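Read the structure below first, then the notes.
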Amino acid sequence: MRHIFYSILLFLIAHLSCGQTIPEKMSETDFTIGKIVSINSKILNETRTLNIYLPSNYQADSSKEYPVIYLLDGSRDEDFIHISGLVQFGSFPWINMIPESIVVGIANIDRKRDFTYPSENKLDQKEFPTSGKSEKFTSFLEKELQPFIDSVYRTKSSKTIIGQSLGGLLATEILFKKPELFDIYIIVSPSLWWDNENLLESDPKCYGSTKSIYVAVGKEGEVMERTAKELFEKLIKNKNQNTQLYFDFLEDKTHGDALHIAVYNAFEKIFESKND
159 MRHIFYSILL
169 FLIAHLSCGQ
179 TIPEKMSETD
189 FTIGKIVSIN
199 SKILNETRTL
209 NIYLPSNYQA
219 DSSKEYPVIY
229 LLDGSRDEDF
239 IHISGLVQFG
249 SFPWINMIPE
259 SIVVGIANID
269 RKRDFTYPSE
279 NKLDQKEFPT
289 SGKSEKFTSF
299 LEKELQPFID
309 SVYRTKSSKT
319 IIGQSLGGLL
329 ATEILFKKPE
339 LFDIYIIVSP
349 SLWWDNENLL
359 ESDPKCYGST
369 KSIYVAVGKE
379 GEVMERTAKE
389 LFEKLIKNKN
399 QNTQLYFDFL
409 EDKTHGDALH
419 IAVYNAFEKI
429 FESKND
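Residue numbers (our numbering): 159 to 434.
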C-alpha cells in the first residue's frame, strides 16, 4: 500500500514539473535614468561628479528648453534617484503638477566642508574639522556649474535649489547672501543650529526678482523645529510682493525621512500657485 502511495506521489510531482515552463530570456539591458558627468572645477581644485536627469522628451524636441533643479546631496546613493522620480512623476501629462525639468544632482565629496560657513563654535570646529568653505562652493555653483549646465543643455532661466540638513543650511545661506542665484528655494530640515544659530541673526539681502520659498521640518527636536519656524518667520518679515512663502511641519516624519514628502509638497504648493 505504501509503495502504491509513493508511486502516485512521484507521478503527480513529475506531471506538475512537466507542466511548468520557464520563459526564455530574450534580452537584457541596463536600466538607466540619467547621465553621469564629471567636470573639473578650478575653484574647488577637484573633479566633481554630476548626475543628470533629462526629461523623456528632451531628445525628441530639439527646440524645447527646460527649467533646472539643482539638488544638493545629489549622489546616486543619496537623493538623486528618488527626487528625479518625483520630477518625472510630477511632470507626467496626466499629473501635470510641475513642468518637465532637468535635474542636476551634485555628488558629494565633503558636504561638511562645502555646506558650512566658518563657525565660531568650538564644538562645531572640533566635530567638523574640514568645515567652513561654503563661500567657495557657492562660487562654484555660480561661476562654474550653472554656466556649464546652461552651455551644454537647453535650459530656461528658472533655477531651483533643493537642500536638506546641512544642505538646507547652505540653501538658506545662499538665499540670504546671493538670492539671485535661484528662483525657487526648497529648504528642508535646515541645520540652523550651526555657529550658535548666527545665520538667523543676519538680515537677508534684498532682491527684486520673483521667488518661491518653501521651508519644512519634521518631528526633529526642539532646536531643529524652532529654528526652521524662526527662519520662516524671518522670511515673512522680509517678504516682498514678488515672493511666495510656504511652511510645512511634518509631524509624522523625522530628520531621516522628511525630504521626499517635503519636496512633493513643495512642488504641489509652488507650481499650483504659478498655475492659478
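Ideal placement from N, C-alpha and C gives every residue a C-beta, glycine not left out. Treat the numbers as computed from the prediction; the structure is a model and nothing was measured.
Bridge partners of Thr318, per DSSP?
Answer is Ile227, Ile342.
Measuring CB to CB, does Ala416 end up less than 7 angstroms from Ser347?
A distance below 7 angstroms separates the beta carbons of Ala416 and Ser347.
For my contact list, Ile201 and Lys280 are in at a C-beta cut-off of 8 angstroms; report their separation, rounded to the angstrom.
At roughly 29 angstroms, the Cβ-Cβ gap does not stay under 8 angstroms, so Ile201 and Lys280 are not in contact.
In angstroms with no decimal places, state the Cα-to-Cα distance between Pro287 and Thr296.
CA-to-CA, the gap between Pro287 and Thr296 works out to about 19 angstroms.
Sequence-distant residues of its chain with Cβ nearer than 6 angstroms to Asn198 (five each side left out)
Closer than 6 angstroms at Cβ, skipping near neighbours: Thr205.
Opposing strand residues paired with Val373 [DSSP bridges]
Per DSSP, Ile345, Phe405.
If I follow the unbroken alpha helix (DSSP H) through Tyr354, where does it start and stop?
The residue asked about is misnamed: residue 354 is Asn in this sequence, not Tyr. Taken as a continuous stretch (DSSP letters only), the alpha helix (DSSP H) holding Asn354 covers 352-355.
Secondary structure at Ser297, three-state DSSP: helix, strand or coil?
In the structure shown, Ser297 adopts helical secondary structure according to DSSP, grouped into three states.
Is Lys193 helix, strand or coil by DSSP?
Strand.
For Asp308 and Val381, the rounded distance between their alpha carbons:
C-alpha separation (whole angstroms): 38 angstroms.
Identify, in the order they occur along the chain, each residue of the same chain with its Cβ nearer than 7 angstroms to the Cβ of Leu229, setting aside the five sequence neighbours on each side.
Cβ neighbours of Leu229 within its own chain (closer than 7 angstroms, five residues either side excluded): Asp237, Phe238, Ile241, Val261, Val262, Gly263, Ile264, Ile320.
For Gln402 and Glu430, the rounded distance between their alpha carbons
Distance between the alpha carbons of Glu430 and Gln402 is about 12 angstroms.
Strand pairing of Tyr211, partner residues [DSSP]
Tyr211 pairs with Val261.
Straight-line CA distance for Leu358 to Ile428?
Between Leu358 and Ile428, the C-alpha separation is close to 24 angstroms.
Mapping the DSSP letters down to three states, classify Glu278 as helix, strand or coil.
Residue state for Glu278 is assigned as coil, using DSSP reduced to three classes.
Under three-state DSSP, which class holds Ser233?
In the three-state DSSP reduction, Ser233 falls in the coil class, being neither helix nor strand.
Are the CB atoms of Ile256 and Phe405 within a distance shorter than 7 angstroms?
No, Cβ-Cβ distance for Phe405 and Ile256 is not below 7 angstroms.
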